[in-house]
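These protein sequences, in sequence, are chains A and B. Take 7 as the starting number for the first sequence in this note's numbering and just add one per residue. Take 7 as the starting number for the second sequence in this note's numbering and just add one per residue. Below is one structure, written out as structure tokens; the observations come after it.
Protein chains: 2
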Amino acid sequence: MALAEVDTPALVVDLDALRRNIAAMADIAGAAGLALRPHAKTHKSAEIARMQVAAGAAGICCQTVSEAEAMAADGISDLLITNQVVGETKLRRLADLAGRVRLSVLVDDAGNVADVARHAAAVGSRIGALVEIETGDRRAGIDPVLAGELARRIAASRHLNFIGLQAYKGSTEHVIAASARRSSLEVVFAAVRAALASIDSPCPVVTGGGTGTAGLVHRGDPLTELQPGSYVFMDGNYALLDGAGFTPSLFLLATVLTRTVADRAMVNAGTKALCLEAGLPALPDHPGIIYARADDEHGRLEIGASARPLALGDRVRLIPANCDPTVNLHDWYVVVQGGVVVDVWPVTARGAVF
Amino acid sequence: MALAEVDTPALVVDLDALRRNIAAMADIAGAAGLALRPHAKTHKSAEIARMQVAAGAAGICCQTVSEAEAMAADGISDLLITNQVVGETKLRRLADLAGRVRLSVLVDDAGNVADVARHAAAVGSRIGALVEIETGDRRAGIDPVLAGELARRIAASRHLNFIGLQAYKGSTEHVIAASARRSSLEVVFAAVRAALASIDSPCPVVTGGGTGTAGLVHRGDPLTELQPGSYVFMDGNYALLDGAGFTPSLFLLATVLTRTVADRAMVNAGTKALCLEAGLPALPDHPGIIYARADDEHGRLEIGASARPLALGDRVRLIPANCDPTVNLHDWYVVVQGGVVVDVWPVTARGAVF
Numbered sequence: 007m008a009l010a011e012v013d014t015p016a017l018v019v020d021l022d023a024l025r026r027n028i029a030a031m032a033d034i035a036g037a038a039g040l041a042l043r044p045h046a047k048t049h050k051s052a053e054i055a056r057m058q059v060a061a062g063a064a065g066i067c068c069q070t071v072s073e074a075e076a077m078a079a080d081g082i083s084d085l086l087i088t089n090q091v092v093g094e095t096k097l098r099r100l101a102d103l104a105g106r107v108r109l110s111v112l113v114d115d116a117g118n119v120a121d122v123a124r125h126a127a128a129v130g131s132r133i134g135a136l137v138e139i140e141t142g143d144r145r146a147g148i149d150p151v152l153a154g155e156l157a158r159r160i161a162a163s164r165h166l167n168f169i170g171l172q173a174y175k176g177s178t179e180h181v182i183a184a185s186a187r188r189s190s191l192e193v194v195f196a197a198v199r200a201a202l203a204s205i206d207s208p209c210p211v212v213t214g215g216g217t218g219t220a221g222l223v224h225r226g227d228p229l230t231e232l233q234p235g236s237y238v239f240m241d242g243n244y245a246l247l248d249g250a251g252f253t254p255s256l257f258l259l260a261t262v263l264t265r266t267v268a269d270r271a272m273v274n275a276g277t278k279a280l281c282l283e284a285g286l287p288a289l290p291d292h293p294g295i296i297y298a299r300a301d302d303e304h305g306r307l308e309i310g311a312s313a314r315p316l317a318l319g320d321r322v323r324l325i326p327a328n329c330d331p332t333v334n335l336h337d338w339y340v341v342v343q344g345g346v347v348v349d350v351w352p353v354t355a356r357g358a359v360f
Numbered sequence: 007m008a009l010a011e012v013d014t015p016a017l018v019v020d021l022d023a024l025r026r027n028i029a030a031m032a033d034i035a036g037a038a039g040l041a042l043r044p045h046a047k048t049h050k051s052a053e054i055a056r057m058q059v060a061a062g063a064a065g066i067c068c069q070t071v072s073e074a075e076a077m078a079a080d081g082i083s084d085l086l087i088t089n090q091v092v093g094e095t096k097l098r099r100l101a102d103l104a105g106r107v108r109l110s111v112l113v114d115d116a117g118n119v120a121d122v123a124r125h126a127a128a129v130g131s132r133i134g135a136l137v138e139i140e141t142g143d144r145r146a147g148i149d150p151v152l153a154g155e156l157a158r159r160i161a162a163s164r165h166l167n168f169i170g171l172q173a174y175k176g177s178t179e180h181v182i183a184a185s186a187r188r189s190s191l192e193v194v195f196a197a198v199r200a201a202l203a204s205i206d207s208p209c210p211v212v213t214g215g216g217t218g219t220a221g222l223v224h225r226g227d228p229l230t231e232l233q234p235g236s237y238v239f240m241d242g243n244y245a246l247l248d249g250a251g252f253t254p255s256l257f258l259l260a261t262v263l264t265r266t267v268a269d270r271a272m273v274n275a276g277t278k279a280l281c282l283e284a285g286l287p288a289l290p291d292h293p294g295i296i297y298a299r300a301d302d303e304h305g306r307l308e309i310g311a312s313a314r315p316l317a318l319g320d321r322v323r324l325i326p327a328n329c330d331p332t333v334n335l336h337d338w339y340v341v342v343q344g345g346v347v348v349d350v351w352p353v354t355a356r357g358a359v360f
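Here it is in structure tokens:
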């Protein structure tokens with residue numbers, strides 16, 4: 007099937023660009039002597055996770071228990087949930103899953119450490135635990151100087167393994183200038199060093215980093231593992247970074263539905279097909295045309311005087327500003343190579359927010 | 007099962023409030039002598055659509071062919087797609103569906119009228135067509151004075167029925183002051199009158215209006231049918247209107263995952279569980295706490311000094327600012343009555359964007 011025959015809106019992956027991105031990140035991690043644990047929250051696809059593992063990844067990150075369950079059911083056997091897991095139902099599922107795959111989770115609270123251990127004990131599984139430290143984004147994580155106390159509580163449980171530290175700062179990943187991004191990363195490293203100083207046992211893993219900082223972590227930095235997600239697709243926001251170094255591989259294909267005046271067109275892709283929270287999509291093939299605003303099922307294109315005109319039924323490629331929540335709106339990827347559809351992959355963990 | 011046992015994030019419907027809203031809108035339409043065709047783009051639920059039909063609705067609106075296919079497969083037999091349908095694959099599906107249910111669609115282009123007729127002819131079905139007129143939002147629709155010409159093209163086809171006009175203006179629905187909202191509606195009515203003057207055949211239906219204007223349409227106004235959607239759930243944005251008159255019935259239930267400092271908490275509901283494009287969610291049960299920002303899987307709550315504190319594991323109810331794209335993120339509704347789960351309904355047309 008030619009791409010031109012695919013019904014829209016459709017989430018399209020350029021297989022060659024995806025493969026290049028996966029190989030490039032494996033090279034970056036290898037050159038810096040870092041383990042690579044790509045984040046499946048971006049693609050939610052067991053197929054892509056398997057490609058990442060085949061390219062040398064140590065395992066995969068997930069953001070929720072249900073995402074990890076979906077990846078485990080599809081053959082991924084080493085999973086880190088980069089999030090706190092709270093609540094009886096979810097802790098039971100976590101403990102069960104730890105009986106089937108190698109599984110770790112983040113903690114930033116002593117009561118939660120006890121809860122995780124209790125559920126693991128109830129089913130006889132062992133769960134890896136990493137202490138998440140506050141890195142300045144005021145989201146999750148404890149004060150780094152308190153990491154040692156939490157590490158001791160983890161080590162004291164027969165049903166938990168102390169794995170190390172999670173040190174991620176989302177805002178660092180999006181600093182445009184590479185030198186300022188590196189400086190922001192050094193603030194994270196300072197927090198890591200403070201945490202390490204408080205820990206009196208071995209700390210095998212310090213995990214963090216992302217698409218924005220992967221190329222900026224060097225030997226000698228206190229990070230042992232990278233957890234980038236977006237590089238596989240290279241969304242519009244990451245493409246803004248200096249030295250971005252990956253290729254856009256994900257597009258939303260949309261169709262012009264109405265074209266009653268010269269300076270605008272409506273396409274069939276609004277907030278139910280694209281997440282716009284982090285910005286509007288780009289139109290790489292249409293200089294002079296911008297995606298100006300969205301309704302639930304419509305996007306308004308504003309067509310500059312110098313732009314190539316659009317006709318009713320024309321199809322346009324949009325690059326999402328933020329791939330992760332856009333992917334989560336769709337049930338499958340249309341996989342293309344040279345303009346031809348070569349496969350359809352399910353979005354394995356679509357909607358797996360719980 | 008008690009609501010307290012439901013895993014989160016969960017989309018929760020208060021059945022009593024939902025039923026009150028459905029009855030109230032039926033009363034409003036009846037009192038004004040208007041047909042009621044509620045919009046299924048809000049709920050995407052065949053269960054709720056059947057409740058609306060049982061309360062007297064003439065039929066249901068959908069926004070996409072796949073949404074209409076899902077509603078038809080679940081027993082809804084009179085459907086209006088309030089959108090243009092463009093592209094060979096989708097037009098074929100439209101024509102097929104018209105062989106199974108009473109189906110109408112919007113047009114605003116002569117070439118598209120010919121395309122719709124050609125596909126209906128190919129399978130021997132008849133499709134109802136309404137001319138969408140421009141009402142000032144610059145989204146879709148032709149200049150009202152050109153409606154007659156398009157109506158004649160529709161009437162000339164043996165495979166199309168000219169049903170009437172679509173006259174909807176989204177921005178009108180959200181004008182806060184009731185008197186200004188009515189004034190904005192009168193601009194729409196002026197466009198309708200201009201269109202009617204250009205049409206020399208009977209025009210049985212003029213459809214439009216929504217949750218914001220339903221109570222402001224009177225006998226004598228040039229509208230025959232209302233197509234409100236959001237009233238069933240009454241989202242945060244519509245609740246801001248003067249004289250809103252419906253009750254919030256949809257909540258996202260989320261759990262506090264991390265609570266390391268006194269003035270903030272992170273809940274497990276970000277852009278993959280809530281659409282935030284139209285605004286941040288409200289916390290009706292927690293005065294002094296605001297949902298301040300979202301990441302993909304997290305929402306940050308800022309806790310004022312006078313607010314009741316939150317603990318790890320606490321569950322909070324969030325009212326989405328815009329229900330439609332939030333519902334589209336979820337696979338099912340947890341239906342509650344008096345705090346007890348009485349049913350689980352599938353979001354029948356979730357992801358049906360194509």
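Ideal placement from N, C-alpha and C gives every residue a C-beta, glycine not left out.
Short CB-CB distance (under 8 Å) between A/F360 and chain B: yes
Amino acids of chain A, ordered along the chain, whose beta-carbon sits closer than 8 Å to that of B/G3: Summary: the structure shown does not reach residue 3 of chain B, with chain B confined to residues 7 through 360, and so no result is reported for it.
Reduced DSSP category for A/M4 - H, G, I as helix; E, B as strand; rest coil: There is simply no residue 4 of chain A to check, as chain A begins at 7 and stops at 360 in what is shown.
DSSP state of A/D102 mapped onto helix, strand, coil: helix
Ordered list of beta strand (DSSP E) runs contained in the stretch 60-96 of chain B, each at least 3 residues: Correct list: 66-68 and 84-87.
Euclidean distance between Cα positions of B/T230 and B/H224: 10 Å
Every unbroken beta strand (DSSP E) within the stretch 93-178 of chain B, with a cutoff of 3 residues, ordered by chain: 108-113, 133-138 and 166-173
Alpha-carbon to alpha-carbon, B/A126 and A/G216: 52 Å
A/F252, DSSP secondary structure in three states: coil
Per DSSP, the bridge partner or partners of B/V262: Looking at the DSSP assignment, B/V262 forms a beta bridge with B/V273.
Counterpart residues of A/R306 in DSSP-defined beta bridges: A/M272 and A/R299
Near-chain A residues of the stretch 142-168 of chain B (beta-carbon distance less than 8 Å), N- to C-terminal order: From the stretch 142-168 of chain B, only R144, R145, A146, G147, I148 and D149 have a Cβ closer than 8 Å to chain A.
Rounded C-alpha distance that separates A/P210 from A/A63: Taking the straight line from one Cα to the other gives about 17 Å.
Where the beta strand (DSSP E) through B/D337 begins and ends: Neither: B/D337 is in no beta strand (DSSP E) and is coded neither H nor E.
Whole-Å CB distance - B/N4 paired with A/K47, under 8 Å assumed: Summary: the structure shown does not reach residue 4 of chain B, with chain B confined to residues 7 through 360, and so no result is reported for it.
Distance between A/A161 and A/L17 (C-alpha atoms, nearest Å): 44 Å
Residue nearest to B/D337 in terms of C-alpha spacing, selected from B/A355, B/R323, B/S110 and B/I28: B/A355
Below-8 Å beta-carbon distance, B/H336 vs any chain A residue: Yes - at least one Cβ of chain A is within 8 Å of the one on B/H336.
Cutoff 8 Å: A/C281 Cβ touching any chain B Cβ: yes
Cutoff 8 Å: A/P331 Cβ touching any chain B Cβ: Yes, its Cβ sits closer than 8 Å to a Cβ of chain B.
Chain B residues whose Cβ lies nearer than 8 Å to that of A/A300: E283
Stretch-stretch touch, CB-based, cutoff 8 Å, three pairs: the stretch 304-314 of chain A with the stretch 284-293 of chain A: Because the criterion of three Cβ pairs below 8 Å is met, the stretch 304-314 of chain A and the stretch 284-293 of chain A touch.
C-beta neighbour in chain B for A/D102, strict 8 Å: no
Proximity of B/S51 and B/Y244 at Cβ, strictly below 8 Å: With respect to B/Y244, B/S51 sits apart: the two C-beta atoms are not nearer than 8 Å.
Boundaries (first-last residue) of the alpha helix (DSSP H) holding A/V198: A184 to S204
Beta carbon of A/Q172 nearer than 8 Å to that of A/L136: yes
B/C68 versus B/H180: straight-line alpha-carbon distance, rounded: 21 Å
Proximal chain B residues relative to A/E231, where beta-carbon distance stays under 7 Å: Here the premise fails: no neighbours, minimum Cβ distance about 20 Å.
DSSP three-state assignment for B/R323, whether helix, strand or coil: strand
For A/P17, the residue or residues it bridges with in DSSP: Checking the displayed sequence, the identity of residue 17 of chain A turns out to be Leu instead of Pro. A/L17 pairs with A/L258.
CB contact check: B/N89 to chain A, cutoff 8 Å: yes
CB of A/D227 within 8 Å of CB of A/F257, strictly: no
Own chain, CB closer than 7 Å to A/D143, minus 5 neighbours either side, in chain order: K175, G176 and S177
Any C-beta of chain A under 8 Å from that of B/G319: yes
Contact with chain A by B/K47, beta-carbon distance below 8 Å: Yes, its Cβ sits closer than 8 Å to a Cβ of chain A.
Partner residues on chain A for B/P15, Cβ-Cβ distance less than 8 Å: V359 and F360
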